[in-house]
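Asker:
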Amino acid sequence: MNWGIIGTGKIAHKAADTLSFLNNEGEKLIAVASRSIEKAEEFGSKYNATKFYGSYGEIYKDEDVDAIYIATPNNLHYEEIKESLLNGKHVLCEKPMTLEPSEADELYKLSQEKGLFLMEAYWVYLLPGAFALREKYKEIGEIEEISLTYGFYSEGKRRERKFLSSLGGGALLDIGIYNLGIPSMLGLERPGIIDTKVMMNEYGTDKWSETTLLYNKKTKVTTLNAIGEDIERECIIKGEKGSIYIPDFQYLTSFSITTGNETIDYSFPIDHNGFEYEFRHTAECVKNNLTSSPVFTKEKSLDIAKTLYRIRKLWNMKFEGVDND
């Protein structure tokens, strides 16, 4: 497919690099849209794109673009996805797909109505390690408890971009989705919230939080995420017959399973940078005329979105220019 990218930040570079890697598989970046033509040309030329747009609106009208990858701040996703779909483009959008679950639900319905593919770009869900985890976790029996921690340090303009309320910022929506994605991979849905603690920053969004959830009235999940503090990424899954340790669940290229006195280590190398699997999956779904993913389904996407929304509402965290209730 011919791809267009909206946005020229760090994550957009990773996506463009991935499309370069996938050129021989038929996935090609041809167009880039930014807030200025200079940025679009500088970015696009690096990855051999041939069309450059100095506003986001122009790329929707490009008849040569089959699909759009959206890599802009969170607050812009809803309108950009909607415009892409209304103009006949398939969409892969950076997470979170929207700030409100109702908006995501609306967009999934629109994609179905238009016969176009739409997926939230939770790339970890499509990794080889994720497929293996969904099979191997059964070896430890019924899951009793999961703990997840993830934090990183950010400063300068990147810190501001991560935290600004007007952009839909905060650690929960930026990295909390990785934490909540693991229970989702294991088939756990619609959790109850037992407890949640939060530390807010000067922008009015969360910089640190710890939340305890209960899935299926029996599986306890504790998730801690932070921006501005280096916290090792790790996940521990405890079951009735053993445990699973994932040293870096954001990338999920390895994990170990312990049952009894035996521990087995598993490794799952990736082909490039990890993004290739979500782009390949998107292309395959489009080829098969699907409007949503059979792996990271719209139901799973919406379930995580609703949980994120409920948590931030308990904090009374509102996004500037978005939450008016």
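In the numbering used here, the protein residues as written are 348 to 672. Glycine included, C-beta positions come from ideal geometry on N, C-alpha and C.
#1: Does any residue of chain D have a CB that is nearer than 8 angstroms to the CB of Y407?
#2: So, at 8 angstroms on beta carbons, what are the nonlocal neighbours of T610 in its own chain, with the 5 sequence-adjacent residues on each side left out?
#3: For T559, which of helix, strand or coil comes out of DSSP?
#4: For M466 and G476, I'd like the C-alpha separation in whole angstroms.
#5: Using only CA atoms, which one of N608, I524, Y613, E507 lies nearest to T570?
#6: On the DSSP bridge list, what partners appear for Y400?
#7: Roughly how many angstroms lie between the CA atoms of D612 and T606, to the nearest whole one?
#8: Which runs of the beta strand (DSSP E) fall wholly inside the segment 580–608 and span at least 3 residues, in chain order?
#9: Near G391, which residues of its chain fall below 6 angstroms by C-beta distance, leaving aside the five closest residues on each side in sequence?
#10: Are there three or more Cβ pairs, one per stretch, closer than 8 angstroms when the segment 612–632 is compared with the segment 488–505?
#11: Can you give me the C-alpha to C-alpha distance between F666 and T629, rounded to a whole angstrom?
#12: Report yes or no: do the segment 410–428 and the segment 439–458 share at least 3 C-beta pairs separated by less than 8 angstroms?
#13: Just tell me which of N349, G356, I353 has its CA closest to the CA of S367.
#14: Taking 8 angstroms as the cut-off, does the segment 499–517 touch the segment 588–597 (at least 3 CB pairs, one atom from each stretch)?
#15: How is the alpha helix (DSSP H) around D413 delimited, first residue to last?
#16: Return the residue from the list A479, L661, K564 that minimises the CA-CA distance to P616.
#17: Apart from the five residues on each side of it in sequence, which residues of its chain come closer than 8 angstroms, Cβ to Cβ, to I384?
#18: Which residue wins for smallest C-alpha separation from H462, given the options N636, R659, E372?
#19: Which residues share a DSSP beta bridge with S494?
#20: Tell me which same chain residues have a C-beta within less than 7 angstroms of the C-beta of S640, skipping the five on either side of it?
Answerer: In this structure, then:
#1: Absent here is chain D; the protein component of the structure consists of one chain.
#2: S603, I604
#3: strand
#4: 20 angstroms
#5: I524
#6: A380
#7: 12 angstroms
#8: 589–593, 601–606
#9: V379, F399
#10: no
#11: 31 angstroms
#12: Taking 8 angstroms as the limit for Cβ pairs, the verdict is that the segment 439–458 does touch the segment 410–428.
#13: N349
#14: no
#15: Looking at the DSSP string, D413 is not in any alpha helix (DSSP H), and its letter there is neither H nor E.
#16: Nearest C-alpha to P616: A479.
#17: Non-local C-beta neighbours of I384 in its own chain, meaning closer than 8 angstroms and more than five positions away in sequence, comprise F399, Y400, G401, ordered along the chain.
#18: The identity of residue 462 in the sequence shown is Gly, whereas the question assumes His. It is N636.
#19: T569, I583
#20: Exclusion of the five residues before and after S640 leaves M466, H628, C632 as the residues of its chain whose Cβ lies within less than 7 angstroms of its Cβ.
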